[in-house]
Amino acid sequence: MPPNKRKSKEKEKEKEKETESEKDAVEDVEMEEGDEDEERGIRIGDIYLPPPPLPACTFDSTGPRLVLGPFHKSFTSIVGPNGSGKSNVIDSMLFVFGYRAQKIRSKKISVLIHNSEKHQNVQSCTVAVYFQKIIDKDEEDFEVVPNSQFVVSRTAFRDNTSFYQMDGKRCQFKAVSKELRAYGIDLDHNRFLILQGEVEQIATMKPKALTDHDTGMLEFLEDIVGSSRFKEPIELLCKRVEDLNEARGEKLNRVKLVEKEKDELEGPKDTAIEHLRLENEVTRKRHTLLQRYYLDCSRAKEKAEEKKKEIDDGMSGVKKKLEDLNEKKKEKEEGIKSLGKRLEKISKVKEECSEKFKGLESEDVKMQEDLKHKNQKRKKLMSQLITEKKKLEELEEIPEKNEKDIEECQKQRESLEEKRKKEEAVYHKAMSSLNSETQLLQDEKTKFETKLVDLRKVVDEAKSGVDIAQSELDIYQSTEQNEKNKLEQVLASLEQAQNTISTRKGEIKNLEASIPRCDKQLKEDMQKHQCLIPEQQKVEELLRTHRVKLEETRSAMQSSRSQGRVMDAIMEQKQNGSIPGVFGRLGDLGGIDEKYDVAISTACGPLDNIVVDSVETGQKCISFLKRNNVGTATFIALDKMQKWKSQCERQMQTPENVPRLFDLVRMKDDIVKTAFYFALRDTLVADNLDQASRIAYGGVRHRVVTLKGELIEPSGTMSGGGRSVLRGRMGKQATVVNVDPREMEHIESKVDELTQRAGQLRRDRADLELSIRQLTKDLNSMNMDVQKFKMEFEAAQQQIVSFQEQKLYQEEKVKSVKSDPAKINKLEKCIDGKVKIYHEASASAQEVEAEVNKIHEQIMEITGRRMKGLKNSLDSVNKGLEKFTAEITRLQVAIKTAQRNTKKTREKITGMETEITEVQNELRGMQGKRSVIEEEAAKVLEQLQSVT
Numbered sequence: 001m002p003p004n005k006r007k008s009k010e011k012e013k014e015k016e017k018e019t020e021s022e023k024d025a026v027e028d029v030e031m032e033e034g035d036e037d038e039e040r041g042i043r044i045g046d047i048y049l050p051p052p053p054l055p056a057c058t059f060d061s062t063g064p065r066l067v068l069g070p071f072h073k074s075f076t077s078i079v080g081p082n083g084s085g086k087s088n089v090i091d092s093m094l095f096v097f098g099y100r101a102q103k104i105r106s107k108k109i110s111v112l113i114h115n116s117e118k119h120q121n122v123q124s125c126t127v128a129v130y131f132q133k134i135i136d137k138d139e140e141d142f143e144v145v146p147n148s149q150f151v152v153s154r155t156a157f158r159d160n161t162s163f164y165q166m167d168g169k170r171c172q173f174k175a176v177s178k179e180l181r182a183y184g185i186d187l188d189h190n191r192f193l194i195l196q197g198e199v200e201q202i203a204t205m206k207p208k209a210l211t212d213h214d215t216g217m218l219e220f221l222e223d224i225v226g227s228s229r230f231k232e233p234i235e236l237l238c239k240r241v242e243d244l245n246e247a248r249g250e251k252l253n254r255v256k257l258v259e260k261e262k263d264e265l266e267g268p269k270d271t272a273i274e275h276l277r278l279e280n281e282v283t284r285k286r287h288t289l290l291q292r293y294y295l296d297c298s299r300a301k302e303k304a305e306e307k308k309k310e311i312d313d314g315m316s317g318v319k320k321k322l323e324d325l326n327e328k329k330k331e332k333e334e335g336i337k338s339l340g341k342r343l344e345k346i347s348k349v350k351e352e353c354s355e356k357f358k359g360l361e362s363e364d365v366k367m368q369e370d371l372k373h374k375n376q377k378r379k380k381l382m383s384q385l386i387t388e389k390k391k392l393e394e395l396e397e398i399p400e401k402n403e404k405d406i407e408e409c410q411k412q413r414e415s416l417e418e419k420r421k422k423e424e425a426v427y428h429k430a431m432s433s434l435n436s437e438t439q440l441l442q443d444e445k446t447k448f449e450t451k452l453v454d455l456r457k458v459v460d461e462a463k464s465g466v467d468i469a470q471s472e473l474d475i476y477q478s479t480e481q482n483e484k485n486k487l488e489q490v491l492a493s494l495e496q497a498q499n500t501i502s503t504r505k506g507e508i509k510n511l512e513a514s515i516p517r518c519d520k521q522l523k524e525d526m527q528k529h530q531c532l533i534p535e536q537q538k539v540e541e542l543l544r545t546h547r548v549k550l551e552e553t554r555s556a557m558q559s560s561r562s563q564g565r566v567m568d569a570i571m572e573q574k575q576n577g578s579i580p581g582v583f584g585r586l587g588d589l590g591g592i593d594e595k596y597d598v599a600i601s602t603a604c605g606p607l608d609n610i611v612v613d614s615v616e617t618g619q620k621c622i623s624f625l626k627r628n629n630v631g632t633a634t635f636i637a638l639d640k641m642q643k644w645k646s647q648c649e650r651q652m653q654t655p656e657n658v659p660r661l662f663d664l665v666r667m668k669d670d671i672v673k674t675a676f677y678f679a680l681r682d683t684l685v686a687d688n689l690d691q692a693s694r695i696a697y698g699g700v701r702h703r704v705v706t707l708k709g710e711l712i713e714p715s716g717t718m719s720g721g722g723r724s725v726l727r728g729r730m731g732k733q734a735t736v737v738n739v740d741p742r743e744m745e746h747i748e749s750k751v752d753e754l755t756q757r758a759g760q761l762r763r764d765r766a767d768l769e770l771s772i773r774q775l776t777k778d779l780n781s782m783n784m785d786v787q788k789f790k791m792e793f794e795a796a797q798q799q800i801v802s803f804q805e806q807k808l809y810q811e812e813k814v815k816s817v818k819s820d821p822a823k824i825n826k827l828e829k830c831i832d833g834k835v836k837i838y839h840e841a842s843a844s845a846q847e848v849e850a851e852v853n854k855i856h857e858q859i860m861e862i863t864g865r866r867m868k869g870l871k872n873s874l875d876s877v878n879k880g881l882e883k884f885t886a887e888i889t890r891l892q893v894a895i896k897t898a899q900r901n902t903k904k905t906r907e908k909i910t911g912m913e914t915e916i917t918e919v920q921n922e923l924r925g926m927q928g929k930r931s932v933i934e935e936e937a938a939k940v941l942e943q944l945q946s947v948t
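Okay, structure coming up:
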């Protein structure tokens with residue numbers, strides 16, 4: 001209420017006839033709570049913390065002719081005898097701070113004007129208070145804050161009017177009070193000025209107020225200290241913390257549940273994303289193809305339209321030409337008949353020429369194959385000729401090289417002979433000292449060693465003879481063996497070609513039988529795959545629908561607000577199926593706009609009642625609560641609420657068109673409508689108490705509740721008001737979902753079934769796609785193999801003809817170079833005789849060598865270590881002599897063998913050159929024949945062209 005209006009009401013109550021003389025004068029302005037502002041305060045959200053008080057300021061009090069002060073910086077009280085002016089000092093300050101005349105021990109302000117014998121008829125009085133900020137240093141010293149001084153004054157007149165000034169400028173008291181409050185001067189409770197009679201009241205205060213409307217010492221001190229300004233914000237913050245903790249717990253539980261479900265869906269999500277990505281890619285590619293097809297069709301259409309236009313333009317000329325052509329056609333038809341007979345004759349000639357040309361073409365193909373094989377044979381002979389010439393060069397170099405090696409070996413042998421003589425001399429000299437002991441053994445050993453040397457020469461000569469004889473036999477049989485090897489190669493190639501024909505024939509047959517089966521299987525799999533796609537999409541769509549339904553049901557059940565032990569216990573029995581038929585707390589079964597939250601929370605007492613389907617279910621719940629000592633609850637049985645069904649559906653005409661509270665409730669299931677009507681009946685909602693009173697006390701009594709929770713019963717009783725109101729007993733939406741646990745299990749089993757079905761369809765589709773790819777790959781591979789095998793089959797047939805000819809030729813060649821059996825027999829007997837001589841000589845030498853070794857061991861037993869080193873040195877020289885002797889023999893045998901092989905190789909080279917010449921001549925002859933065939937074919941073609 002504005003200060004001016006309140007001021008006028010107070011004047012009427014006091015029946016004081018006071019007038020205002022000036023427009024801006026303010027008379028006896030009283031401080032009100034509504035004058036506070038938020039300047040220098042703090043806000044935490046929507047909660048305001050008032051500013052703390054500032055330090056008190058010193059001031060001077062001046063009258064027209066009297067100056068009080070300046071006061072001490074720590075001024076706390078005025079003490080003096082009666083009549084000394086204590087009260088006048090306090091009254092003058094209260095006068096400046098806007099107190100009424102009655103509170104300054106006067107009935108009117110005009111009484112405060114000085115009146116004495118010396119000063120009569122004074123028309124006004126003025127009191128000014130001087131303020132300044134200081135910085136306190138110690139008990140006495142202080143420092144004045146620069147530019148912080150200001151003066152507040154009030155002037156009163158005889159006509160009971162007054163006005164205020166700040167620093168000499170007139171202003172309203174509101175500006176003065178605002179400035180003083182900013183500096184912490186308590187104008188509301190007079191804490192800065194306590195009158196003489198108020199000290200006793202403060203001393204007799206209770207320690208703490210018993211009610212909110214009382215004031216105790218604690219409240220008094222908190223008011224002075226300034227901490228009382230935190231009381232209301234603390235209460236608001238505590239309530240908000242409780243609300244936020246409750247909301248946090250609910251959200252945290254939902255987050256954990258959703259996080260768990262999210263983690264479970266991570267794998268299917270990735271699979272679905274990948275599937276959708278592939279489908280999108282397929283769709284984009286298909287779209288691109290269709291766009292390309294559309295573009296091609298558009299271009300073709302444009303060209304066709306242009307062509308059609310050209311054709312239409314030329315149709316007139318064509319029609320005219322067509323008429324001319326029809327006339328010519330008749331003439332031509334007559335000529336055709338005559339030409340038909342001639343055509344028959346030409347056709348016969350053409351057929352004859354065609355047959356003749358085919359024969360020549362076949363002969364030419366055969367000739368080409370013969371040329372090909374002859375050319376291959378020529379190349380092979382040329383390659384062998386080069387090899388034999390290289391071999392001849394190597395054989396011709398062997399005698400000269402071996403002669404040099406023999407000379408070198410002989411030099412080394414002569415050197416070793418001299419060394420052996422020296423070693424023997426040293427050895428014999430050493431032995432001479434032991435002659436007396438080993439003379440007999442030495443003589444015997446010398447005799448055997450002489451014999452052993454002769455026998456070794458015989459063995460070496462016999463071995464050389466065996467090697468030479470064997471080389472002669474090998475050289476004699478080499479030509480025949482080479483030709484036999486060639487024949488074996490031809491036979492192997494022929495056999496390989498025959499095997500190829502046999503193998504490829506079977507493989508071609510198998511492939512030609514497998515290709516139709518594979519093609520049929522591929523078409524079947526593609527058809528199955530096309531059928532699976534819509535079925536899979538349908539199953540996955542059903543799965544998504546059921547999953548959403550399941551998650552919504554779970555979320556709704558999990559997010560149901562807990563109503564204490566009783567409600568939790570009842571709902572737990574419902575969920576596990578022990579007590580079916582429980583719907584839940586009535587307030588959770590519906591929702592209402594936040595605007596009507598207070599109204600329905602106040603007017604609907606049964607919101608905390610539990611709704612069940614029947615009285616029997618309610619009795620089960622009561623028995624359960626008693627048995628488990630959980631608590632008590634009130635139940636609403638729906639089977640007893642059917643009598644309210646007609647009232648639920650009835651449309652009601654309300655005064656002033658205010659809404660019926662029942663119609664504002666949003667119910668998820670209409671089955672609970674009767675329960676809500678039972679709880680609310682025809683309660684109406686009014687905007688305010690005035691409207692509610694008009695409706696409730698009208699011609700027809702109504703039960704009405706206001707938006708602030710003020711309730712008027714039909715009997716006329718009214719309740720509500722006050723500081724606290726009921727709210728939050730019903731949310732914006734229904735939070736309880738009637739879900740039968742068996743229905744929940746059915747949905748879960750359906751989801752599992754659809755999940756398995758979708759997974760099986762995905763696996764079947766993947767298997768079919770894999771099978772389609774593999775069958776396509778196999779089909780392409782088989783088609784390529786068939787073509788390749790047919791080509792190999794035809795090539796093998798041609799090779800067989802060529803190899804059979806080579807076989808006949810090579811068999812004749814083997815017969816022509818067949819070795820003489822008598823000569824082979826003679827050479828083999830010679831080898832056997834020389835081998836026998838070699839074995840006999842070797843056996844004799846081994847016997848003599850054994851005797852030498854035996855005697856040597858006896859000598860060594862006698863001589864011991866004294867002769868061991870000399871003996872080893874002599875043995876080493878003897879071994880070297882034997883080695884070079886054997887090497888010389890080997891080189892001599894190699895020279896003789898090379899000379900014989902050189903002769904054979906030259907003969908072989910001559911034969912190859914002759915054969916190459918023959919093959920080249922045959923090639924020239926075949927090329928000549930082919931030229932003749934080509935000339936004949938050209939003549940036939942020329943004749944055929946002349947006929948056509």
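When we follow UniProt numbering, the leftmost residue of the sequence shown carries the number 1, and every step to the right adds one.
Don't be surprised by glycine CBs; every beta carbon is placed ideally from N, CA and C.
| Check | Outcome |
| --- | --- |
| Taking only runs that begin and end inside the segment 66-100, name each unbroken beta strand (DSSP E) of 3 or more residues, in chain order. | none |
| Report yes or no: do the segment 483-490 and the segment 904-918 share at least 3 C-beta pairs separated by less than 8 Å? | no |
| What are the start and end residues of each continuous alpha helix (DSSP H) run of 4 or more residues lying completely inside the segment 730-792, in chain order? | none |
| In the DSSP assignment, find the beta strand (DSSP E) that holds C171 and state where it starts and stops. | K169 to C171 |
| With 16 as the cutoff for other CB atoms within 10 Å, does E942 come out buried or exposed? | exposed |
| Could you pull out every residue in the same chain whose Cβ sits closer than 6 Å to the Cβ of M217, ignoring the five residues on either side in sequence? | M205 and P207 |
| Going by Cα to Cα distance, which pick from G728, R729 and K708 is closest to S719? | K708 |
| Measuring only between beta-carbons, confirm whether E649 sits less than 8 Å from chain E. | The chain inventory of the structure shown lacks chain E, comprising one protein chain alone. |
| Suppose you measure from the CA of R585 to the CA of G618; what does that come to, to the nearest Å? | 13 Å |
| Do the CB positions of Q132 and Q149 come within less than 8 Å of each other? | yes |
| Measuring CB atoms only, is the segment 790-807 touching the segment 541-553, in the sense that at least three cross pairs come out at less than 8 Å? | no |
| If we ignore side chains and look at the alpha-carbon of each, how far apart do R229 and E219 end up? | 11 Å |
| Any idea what DSSP makes of S148, helix, strand or coil? | coil |
| Are the CB atoms of H529 and L768 within a distance shorter than 8 Å? | yes |
| In angstroms, rounded to a whole number, what distance separates the CA positions of T503 and D785? | 13 Å |
| To the nearest whole angstrom, what separates the beta carbons of R757 and V539, a pair I think is in contact under 8 Å? | 5 Å |
| In chain order, what residues of the same chain lie with their CB nearer than 7 Å to the CB of F624, ignoring the 5 residues before and after it? | Q573 and I579 |
| In the DSSP assignment, the alpha helix (DSSP H) including D136 goes from what residue to what residue? | Where D136 is concerned, there is no enclosing alpha helix (DSSP H), although the beta strand (DSSP E) it sits in stretches over I134 to D136. |
| Would you please state the rounded distance, in angstroms, between the beta carbons of L395 and T889? I believe it to be under 8 Å. | Not a contact, Cβ separation roughly 20 Å. |
| Grab the span of the alpha helix (DSSP H) containing F676 for me, first residue to last. | K673 to L680 |
| Could you check the C-alpha separation between H702 and E246 for me, to the nearest Å? | 38 Å |
| Determine the burial state of E305: buried for a count of at least 16 other Cβ atoms within 10 Å of its Cβ, exposed for fewer. | exposed |
| Out of K377, I185, F793 and D460, which one is the CA nearest neighbour of A497? | F793 |
| Would you mind reading off the limits of the alpha helix (DSSP H) that contains Q647? | K645 to E649 |
| Let me know if residue 991 comes out buried or exposed under the rule of 16 or more other beta-carbons within 10 Å of its beta-carbon. | Given that the chain is displayed from residue 1 to residue 948, the structure contains no residue 991 and the question cannot be resolved. |
| Using 10 angstroms around the beta-carbon of F583, count the other beta-carbons present and answer buried if the total reaches 16, otherwise exposed. | buried |
| What first and last residue would you give for the beta strand (DSSP E) that runs through G584? | V582 to R585 |
| In terms of DSSP beta bridges, what is T706 paired with? | A686 |
| Going by Cα to Cα distance, which pick from Y809, F662, M782 and R565 is closest to K509? | M782 |
| When you compare the segment 629-641 with the segment 653-669, are there three or more beta-carbon pairs, one atom per stretch, that lie closer than 8 Å? | no |
| Spatial neighbours of L532 within its chain, please: C-beta separation below 8 Å, excluding the five flanking residues on both sides. | L761, D764, R765 and L768 |
| If you follow the alpha helix (DSSP H) that T126 is in, where does it begin and where does it stop? | No alpha helix (DSSP H) contains T126, which is instead part of the beta strand (DSSP E) from S124 to F131. |
| Give me the residue from I202, V665 and E388 with the minimum Cα distance to E907. | E388 |
| I'd like to know if the segment 153-171 and the segment 101-118 are in contact, where contact means that at least 3 CB-CB pairs between them fall below 8 Å. | yes |
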